[in-house]
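Trainee: The opening position of the sequence shown corresponds to residue 15 in the numbering used here, with each subsequent residue numbered one higher. Just so it is clear, CB atoms sit at the ideal spot from N, CA and C, and this is done for glycine as well.
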Amino acid sequence: MQWWRDAVVYQIYVRSFSDSDGDGVGDLEGVRSRLGYLELLGVDALRLTPFYTSPMVDHGYDVADPRNVDHVFGGLDTFDGLVTDAHEHGLRVTIDLVPNHTSSEHEWFRAALDSAPGSPERARYHFRPGRGPHGEEPPNNWTSVFGAPAWTRVQDIDDAGEWGPGEWYLHLRAPDQPDLNWTNPEVWADTEKTLRFWLDRGVDGFHIDTALGMSKPDGLPDSPEDLPGADVSTAALDDDPRFDHDGVHDVHRMIRAVLDHYPGRVVAGEVRLRDVERFAHYLRPDELHLGVDVRLMHAPFDADAVREAIESSLAAVEKVGAPPTWTLSTHDVPRPVTRYGRGPVGCARARAMALVELALPGAVCLYNGEELGLPDVELPDAVLQDPIWEHSGRTERGRDACRVPMPWEGGAPGFGFTSGEPWLPMPPEYGELTAADQLEDTASTLSLIRRAVELRKTHPGFRGSSVEWFGAPAGCLAFRRAGSTLVCALNASAEAVPLPPGDVLLASGQLQGNLLPPDTAAWLT
Ligand code: NOJ
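(1) Where do the N-terminal and C-terminal ends of the alpha helix (DSSP H) with Y51 fall, by residue?
(2) Any heavy atom of the ligand NOJ closer than 7 Å to the CB of D414?
(3) Rounded to whole angstroms, what's the CA-CA distance from L194 to A466? Just pull it up for me.
(4) Please name the residue in R321, Y24, G335 and R210 whose C-alpha comes closest to that of Q16.
(5) Since H221 is in the alpha helix (DSSP H), which residue starts that stretch and which ends it?
(6) Spatial neighbours of R411 within its chain, please: CB distance less than 7 Å, with the 5 preceding and 5 following residues excluded, ordered by chain position.
(7) Of all the options A323, D346, S522 and A450, which has the alpha carbon lying nearest to the alpha carbon of V359?
(8) For a test of the three-state rule: what should DSSP assign to D414, helix, strand or coil?
(9) Looking at the unbroken beta strand (DSSP E) that takes in Q25, where does it start and where does it end?
(10) Roughly how many whole angstroms lie between the Cα atoms of V518 and Q524?
(11) In this structure, how does DSSP classify Q191 when only helix, strand and coil are distinguished?
(12) Curious, which full-length beta strand (DSSP E) runs of at least 3 residues does the segment 298-350 contain?
(13) Would you say the beta carbon of D79 is closer than 7 Å to some non-hydrogen atom of the ligand NOJ?
(14) According to DSSP, is E482 helix, strand or coil?
(15) Please say whether V28 and G40 have beta carbons closer to each other than 8 Å?
(16) Taking 7 Å as the line, does the beta carbon of Y183 fall inside it for any heavy atom of the ligand NOJ?
(17) Quick check: does the Cβ of D390 come within less than 7 Å of any heavy atom belonging to the ligand NOJ?
(18) Report the rounded CA-to-CA distance for R413 versus D390, giving the unit in angstroms.
(19) To the nearest angstrom, how far is the alpha carbon of R495 from that of E482?
(20) Using DSSP bridges, identify the partner residues of G178.
(21) Leaving out five residues on either side along the sequence, give the residues of the same chain with a beta carbon under 7 Å from the beta carbon of H263.
(22) Can you find at least 3 beta carbon pairs, one from the segment 82-91 and one from the segment 134-154, that sit closer than 8 Å?
(23) In the DSSP output, what is I109 paired with across the bridge?
(24) Determine the direct distance from the alpha carbon of L380 to that of F452, and round the result to whole angstroms.
(25) From this set, D395, S237, L213 and D35, which residue's C-alpha is nearest P163's C-alpha?
(26) Looking at C-alpha atoms only, which residue of R363, S507, F484 and G219 is the closest neighbour of V351?
(27) Measuring straight from C-alpha to C-alpha, what distance separates G428 and P441?
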């Protein structure tokens with residue numbers, strides 16, 4: 015049963031969702047306590063960001079033990095309880111898998127540091143001698159995607175038995191996130207073990223982190239051009255020598271082969287490519303089920319750009335018969351309300367784009383807080399935690415602004431997220447956006463998203479896997495799913511325009527009689 019083909023997947027950045035023990039950091043018990051809310055929201059599945067044992071340099075994307083739960087987030091018992099309860103609430107549970115790199119605190123990396131160049135321990139990572147007369151230059155000219163060089167030098171013992179500067183190791187992100195060497199069979203075997211470990215505990219699937227990584231070019235040659243750093247954590251990765259090498263598809267085939275032994279489980283990954291052919295490769299019948307597509311997220315609030323993004327995403331999956339997978343928001347990019355213009359305009363546009371997204375065929379990924387219309391938060395330098403901030407030499411602020419914890423209820427600091435001090439400060443404005451208040455307000459963003467998710471699930475107009483476009487006034491778009499009666503119209507222009515014919519089923523804002531105002535979308539039947 016391919017439940018994921020039209021699923022709404024709700025991404026939980028565990029650290030920022032709900033804190034059960036007052037330490038200011040969200041945890042698995044916190045997620046468990048909010049399952050009723052998630053059921054009410056109507057989503058089909060959860061995607062939990064990494065909760066594994068980690069020094070938290072990249073907030074869990076630096077995994078020290080992929081088969082255990084970090085004490086900050088709970089324990090294996092908490093995880094098992096969460097999966098059982100989620101299933102009782104009709105929610106599937108998918109989890110992030112981080113196969114491209116480990117933490118520098120992983121026992122393998124520690125062993126590598128304690129071992130000599132050329133040892134089997136070093137062969138699990140990319141260790142190389144440096145260039146230059148004394149090996150003082152990195153083995154190639156790559157920068158890390160967090161900024162700064164992608165290589166760090168370690169201390170080794172020389173022929174005279176003295177410690178001194180030695181080999182370099184590769185890290186496409188922070189130095190605390192060494193890249194694994196996927197030509198080493200031990201890496202394959204260990205990843206397979208991790209997959210089975212969680213599948214046997216009942217997870218419904220995985221989101222593969224850095225899905226374009228893993229495979230490196232033979233010989234790790236220099237890049238002919240300067241590589242982008244720091245801003246690239248969200249950009250498309252076409253023609254980036256660090257990513258999208260053909261060998262990565264063998265990794266996805268291995269992962270898929272393991273999952274195929276567990277019926278009904280899904281494997282997804284973010285495929286940050288513009289090229290439709292290369293995009294489609296990741297969704298061949300023996301690779302990912304879902305390729306999270308960032309084209310729509312990258313499109314500005316402009317009808318032509320939105321239509322082009324949708325058409326290109328549909329074209330990318332069509333040939334391989336995979337469903338498209340839409341997202342407007344993740345823990346790595348500015349939130350839609352902020353991206354589309356901030357304040358009431360940004361909010362109206364984010365609501366409109368949510369209706370566009372939820373009208374489309376395929377799977378949809380929501381990111382926690384998107385349903386509340388949360389904006390990014392302007393944080394002072396002193397509280398920034400994303401490694402991008404330090405590794406870019408404090409030139410890029412990183413992604414903390416979209417990771418501020420969820421406001422659940424009340425007006426007091428913590429807003430029901432925590433009884434302690436939240437790990438990132440929650441601004442007073444979040445008090446006006448709490449889930450509790452929005453549940454009571456039929457005009458709220460939460461009520462809009464709830465209703466849209468419900469209609470998407472129950473209304474016959476949401477059948478059909480292709481899209482037909484209608485003529486629309488300049489700056490607007492209108493489409494329906496082929497063979498269905500439901501029309502989605504978006505007005506991204508500055509003037510109100512006549513609504514297409516039909517009865518309004520849902521609108522993202524107040525309509526003006528028969529007119530669709532600017533920054534508004536409507537569903538009609
Ligand atoms: C992608 C994740 O979404 C991001 O948050 C993380 O920093 C990198 N992968 C590294 O694992």
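Mentor: Judging by the given coordinates:
(1) Boundaries of the alpha helix (DSSP H) harbouring Y51: L49 to L55, taken from the DSSP string.
(2) Not under cutoff, so the answer is no.
(3) Looking at the two C-alpha atoms, the distance is approximately 42 Å.
(4) Relative to the Cα of Q16, the nearest Cα in the group R321, Y24, G335 and R210 belongs to G335.
(5) Taken as a continuous stretch (DSSP letters only), H221 belongs to no alpha helix (DSSP H), being part of the beta strand (DSSP E) at G219 to I222.
(6) Contacts found: L398 and W403.
(7) It is S522.
(8) In the structure shown, the three-state DSSP call for D414 is helix.
(9) Per DSSP, Q25 belongs to the beta strand (DSSP E) from V22 to I26.
(10) Looking at the two C-alpha atoms, the distance is approximately 12 Å.
(11) If DSSP states are grouped into helix, strand and coil, Q191 belongs with coil.
(12) The qualifying runs are 304-307 and 339-341.
(13) No, Cβ of D79 sits at least 7 Å from all heavy atoms of the ligand NOJ.
(14) The DSSP-derived three-state label of E482 is strand.
(15) Going by C-beta atoms, G40 is nearer than 8 Å to V28.
(16) Answer for Y183: no, Cβ out of range of the ligand NOJ.
(17) The ligand NOJ never approaches D390 closely enough for any of its heavy atoms to be under 7 Å from the residue's Cβ.
(18) If I take the Cα positions, the gap works out to 9 Å.
(19) Approximately 6 Å between the Cα atoms of the pair.
(20) D170, per the DSSP bridge assignment.
(21) Counting only Cβ-Cβ distances below 7 Å, and skipping sequence neighbours, we find H295 and E301.
(22) Flag = no, the segment 82-91 and the segment 134-154 do not touch.
(23) According to DSSP, residue pairing for I109 in a beta bridge involves L62 and F220.
(24) Checking the displayed sequence, the identity of residue 452 turns out to be Gln instead of Phe. One C-alpha to the other measures close to 17 Å.
(25) Closest option to P163, Cα to Cα, is S237.
(26) The closest CA to that of V351, considering only R363, S507, F484 and G219, is found on R363.
(27) Rounded to the nearest whole angstrom, the C-alpha separation of G428 and P441 is 9 Å.
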